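The listed protein sequences correspond, in order, to chains A and B.
Its first residue numbered 508, the first sequence is counted upward by one per residue in our numbering.
Its first residue numbered 50, the second sequence is counted upward by one per residue in our numbering.
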Amino acid sequence: MTKIRTQYNRRSFLKVSAAASGGMLIGFSWLNGCKPNTPEPEPGIALPNEWFDINGYIKIGDTGLVTIYSPNPEIGQNVKTSMPMIVAEELDVPWENVVVEQAPLNTGFYQNQFAGGSLSIRLSWNALRMAGATGKRMLMEAAAKEWGLQLADISASEGVIKENNGERTVTYGEIASKAVGIEVPEEVDLKSPKDFKLIGTSIKNVDGEKIVTGQPLFGLDFQREGMSLAMIQHPPSFGMTVKDFNEEEIKKMPGVKDAFIIDTTINEPDWFDEKGFKQLIAIVGDSTWELMQAKKAIKANWESTGELESSSMHKERLEKALVSGTVTESRKDGNPEAAFKRAAKVIEQTYTAPFMAHNTLEPMNFFANVTEDSAELMGPTQTPEALEGSVAKLLDLPLENITVDMSRMGGGFGRRLYVHFGLEAAAISKKIGGPVKLIYSREDDMSQGTYRPTYRSTYKAGLDENNNLIAFSVRGAGLPDGPVFPNRFPAGAVENYLAEKISADTNITTGAWRAPRSNFTAGAEQAFLDEVAELAGKDPIDFRLELFERAKNNPVGEEYEYDAERYAGVLKLVKEKANWGSNEPNVFRGVAAYFCHSTYVAEVFDMVMEKGQPKVKKVWCAVDCGIVINRDGAINMMQGGVVDGIGHAMYSQLTFENGTPKQMNFDRYQLIRHSQAPDDIEVFFVENEIDPTGLGEPGLPPAMGALANAMYKATGQRYYNQPFATERQVIG
Amino acid sequence: MANFKLKVNGKTQEVAVDPTTPMLWVLRDHLKLVGTKYGCGIAQCGACTVHLDDNAVRSCQLPVSAVGDKEITTIEGLSENGDHPVQKAWIEEDVYQCGYCQAGQIMNASAFLKKNPNPSDSEIESAMNGNICRCGTYTRIKKAIKTAANTENA
């Protein structure tokens, strides 16, 4: 057991109180038009007549039904199941008694209400445990008081409090009313990981039944009495803005209620305000189809505001940047120049990757209802607090007059970290003076993105006569941000080391895309190390393990950003599980390992040639993310990361001609499909008691490297330029 | 505008819409059946899959005027209590991540299994290739289809 001091986040930890909204709040669902959505508890648990607020995370009903609020946005990373599991573990209630609700944005109750950087679990681990443990302690104090006993004389488990030397028992539901007024403890006990009953097991997705029966869950499904629909039209090219359009003609089209230009420019925009087009044509009506037809009839005058960029231009800019660009971040150990000169063997390779769109399957959308002095927002956002702040700036309203509710999201991948679609909905609602839901078409979504930047990196390695790696350098450029992490592996493991990051200009809007920069760096670095190991005549896993030994025992330089032991640990685990070294006929193996977002992952791919095309049949994946919360959910995330990594390295790209994306829908933008996915992906976790880290991103980056390395074995050709399918002149 | 009488999930419903309106938007905007999803609008992603009689079709490419007296079944009407073998298999395998594409996957899989109750791996792959899952749950979808096939054949 660990003692932890409770920290109060303003209103989150108050004395227990009878819930102000009585029984109404439970199951309250915005999607059902503000009618209470009756939960379906397991047989045996009646719906409570009275509810008690334990703290911002927990509400207990008099029958023992427990509502746990999941604070963070749900984008498919399954935090709506795993975060409440942590609360339930420390509260010590049977999961069958738990109903999970999505919390709205509430900066008074919660911290870090965002979905990004694989940080939800990592940042909230302590807060969630504390919320559960505090609740349990307050219920126990109420029971102790009732029975005239000391806390030490009673114990609580599975929602029932017992006296240690006696027969009396009371359920959480029965004692909840007596907890009203109990002081919040200054210190609470947390369970020891060995006593976890829920954490580490597999709990099914809490929204599963709603998903398979098509219940309204997503922003695009939101309905409100009297709500209009709206679509926008942006300029055809980056580097253009709208001057005017055939407004009167559009307003006369069937189903169009209004048409106008909105401006979402705000003062002091932050990174999450990224958007290429602040002025947009908006059309309002009641039917999506009619709005789509009206959009086609728009005749606008566009004006140039900058250069109209093409992919050939981007390639030239990156090539030039790599030669003569300004280095914005770097690291140097030893004397790389001299070491390369004296090296017995030197190898140098250049890797590239294109711009990519996020392509969440649910296109951008948002609901807004703006009045004179308030704004209500509802929809898919990874950053509700950022959205609230930007809407406050746009409408010149105080934060407390703005509410943000979060729907389940049809994918995020970083796209919904950006808040412009919420602002656009607010601007349209303000103009029409009523509630509106803004909907992007797929083409709108793909052609005004916050894309993964395009990258180009050159790696160089020098081996001495005994095939030891004595020099390593990487120089990477990106439009706009360079794909280099100077202090990551192999920093610390090579005597003479140089890493240089270079940025270059573009007016294409870019942003965080699942595992930013790692989504290119891992693939390039791990493919390069495979080639270096081959040149050294060493097994690729043994070669890496040698480097980790060096970093662990005799590190180069003052610091590096990984734990060499844990990094080596996932490689050793995957080596064992995949039975690395065994050679099956016509099966070609590749390996890669990467550390990002505080999680270590190693992957082995088995590839076969099917009808002349390389296909990944089987994947072994070893992960060290500390304590695993929801085992099957964690496995699912890793499997998805692997498939996503294969898909994007193999098939996907966004190219430009005169500022216009050449791919605007899934006919030309290729995403991985069923027949291209592996048959089986086995996931293994390093079992330890280290505080948990995230899994949303870390599964993807190494997949790109393992893919490249397996493809080399299968085809005899090295792959340097993503998407590999284009390099092979095949469409999978 | 024209009036159409549609048989959706066993009920007859009337709508007054432009005859070119795809069933996807009739379902979502007019009948408020939002389980059928919009993903691409050009029959490339499969998120809008519904059954037209027993066939899986892309509702984004099915004008309301072409439906006639054929029966439309959406995810909301696939079973009364969410207990179709395919829905149950999806829950058992905990298939979904974001969940957005899954209604389309389930509708396609259920129509496919009706025609081919005992499919091979490659038959599953080709039948399901038109349904994109951006989260990459393909291995679980395949497993769930096999689970459903086994229950149906049991």
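By construction, the Cβ of each residue, glycine as well, lies at the ideal position given by its N, Cα and C atoms.
Only a predicted model underlies this, so the values are computations on that prediction, with no experimental measurement involved.
Cross-strand partners of residue i (DSSP beta bridge)
| i | result |
| --- | --- |
| B:T61 | B:K56 |
| A:K510 | A:D696 |
| A:F1095 | A:M1114 |
| A:A737 | A:V791 and A:L945 |
| A:C1103 | A:T1106 |
| A:K852 | A:L970 |
| B:C147 | Answer is none; B:C147 lacks a bridge partner. |
| A:V687 | A:V523 |
| A:L976 | A:L970 |
| A:T1017 | A:Y958 |
| A:L884 | A:A875 and A:V911 |
| A:P1121 | A:M1116 |
| A:F928 | Partner(s): none; A:F928 has no beta bridge. |
| A:C1128 | A:E1110 and A:V1190 |
| B:N104 | B:L101 |
| A:L1005 | A:K839 and A:S980 |
| B:A193 | B:A193 pairs with nothing; no bridge assigned. |
Pair within 9 Å by beta-carbon distance, residue i and residue j
| i | j | result |
| --- | --- | --- |
| A:E1056 | A:R1225 | no |
| A:G1018 | A:E814 | no |
| B:Y187 | A:I1179 | yes |
| A:P990 | A:P960 | yes |
| A:H821 | B:K191 | no |
| A:T1202 | A:Q584 | The sequence given here has Leu at residue 1202 of chain A, not Thr. Yes. |
| A:P1121 | A:F1095 | yes |
| A:R838 | A:G1064 | yes |
| B:G131 | A:V719 | yes |
| A:V677 | A:A640 | no |
| A:Y925 | A:T890 | yes |
| A:G571 | A:E670 | no |
| A:V834 | A:F784 | no |
Residue from the options whose Cα sits closest to the Cα of residue i
| i | options | result |
| --- | --- | --- |
| A:C1132 | A:A789, A:Y1101 and A:S1159 | A:Y1101 |
| A:N908 | A:R923, A:E892 and A:D880 | A:D880 |
| A:G623 | A:N1228, A:T1200 and A:E1234 | A:T1200 |
| A:E869 | A:L884, A:T857, A:T888 and A:T859 | A:T888 |
| A:Q1229 | A:Q1177, A:S1159, A:N1195 and A:E1196 | A:S1159 |
| B:P71 | B:G179, B:Q110 and B:T123 | B:Q110 |
| A:P1209 | A:V691, A:G1166, A:V1130 and A:Y1219 | A:V1130 |
| A:S954 | A:M871, A:A845 and A:Y962 | A:M871 |
| A:I788 | A:L598, A:A934 and A:K698 | A:A934 |
| A:L970 | A:L902, A:A1043, A:Y1004 and A:A1029 | A:A1043 |
| B:T196 | B:S171, B:T85, B:L162 and B:Y87 | B:L162 |
| A:E754 | A:R849, A:N1003 and A:A766 | A:A766 |
| B:C89 | A:T1233, A:E716, A:R849 and A:D951 | A:D951 |
| A:E1007 | A:V573, A:F873 and A:G832 | A:G832 |
Counted within 10 angstroms of its Cβ, other Cβ atoms place residue i as buried (16 or more) or exposed
| i | result |
| --- | --- |
| A:R644 | buried |
| A:N1137 | buried |
| A:G540 | The pLDDT assigned to A:G540 is 36, lower than 50, so where the model puts this residue is not dependable, and the model offers no usable value. |
| A:D840 | buried |
| A:I1238 | Confidence in A:I1238 is poor, its pLDDT being 35 and thus under 50, which makes the residue's placement unreliable; the coordinate value appears in the next sentence. When all chains shown are included, A:I1238 counts as exposed. |
| A:M531 | Confidence in A:M531 is poor, its pLDDT being 33 and thus under 50, which makes the residue's placement too unreliable to answer from. |
| A:S812 | Reading off the sequence shown, one finds Thr at residue 812 of chain A, where the question assumed Ser. Exposed, by the Cβ-count rule. |
| A:W1127 | buried |
| B:G185 | buried |
| A:W778 | exposed |
| A:R675 | exposed |
| B:K81 | exposed |
| A:P861 | buried |
| A:L906 | exposed |
| A:M1116 | exposed |
Open item on the list: Using 8 Å as the cut-off, can you tell me whether the region 1106-1114 of chain A makes contact with the region 1160-1177 of chain A, which would need three or more C-beta pairs spanning the two stretches below that distance?
Closed with: No: fewer than three Cβ pairs fall under 8 Å.
- [ ] Inspect the CB distances between the region 1089-1107 of chain A and the region 1068-1076 of chain A and report whether three or more fall short of 8 Å.
- [x] With the cut-off at 8 Å, the region 1089-1107 of chain A and the region 1068-1076 of chain A touch.
Open item on the list: Below 8 Å, how does it come out for the region 150-159 of chain B and the region 88-106 of chain B: are there three or more Cβ pairs, yes or no?
Closed with: yes
Task: At least 3 beta-carbon pairs within less than 8 Å: the region 693-711 of chain A vs the region 753-770 of chain A - done: no
Open item on the list: So, does the region 763-775 of chain A touch the region 908-920 of chain A, judging by three or more C-beta pairs under 8 Å?
Closed with: Flag = no, the region 763-775 of chain A and the region 908-920 of chain A do not touch.
Task: Contact between the region 608-628 of chain A and the region 652-664 of chain A (3+ Cβ pairs under 8 Å) - done: no
- [ ] Would you check if the region 972-987 of chain A and the region 798-809 of chain A touch, i.e. whether three or more CB-CB distances between them fall below 8 Å?
- [x] no
TODO: Pair every Cβ in the region 995-1010 of chain A with every Cβ in the region 1181-1197 of chain A, then say whether three or more of these pairs are closer than 8 Å.
DONE: no
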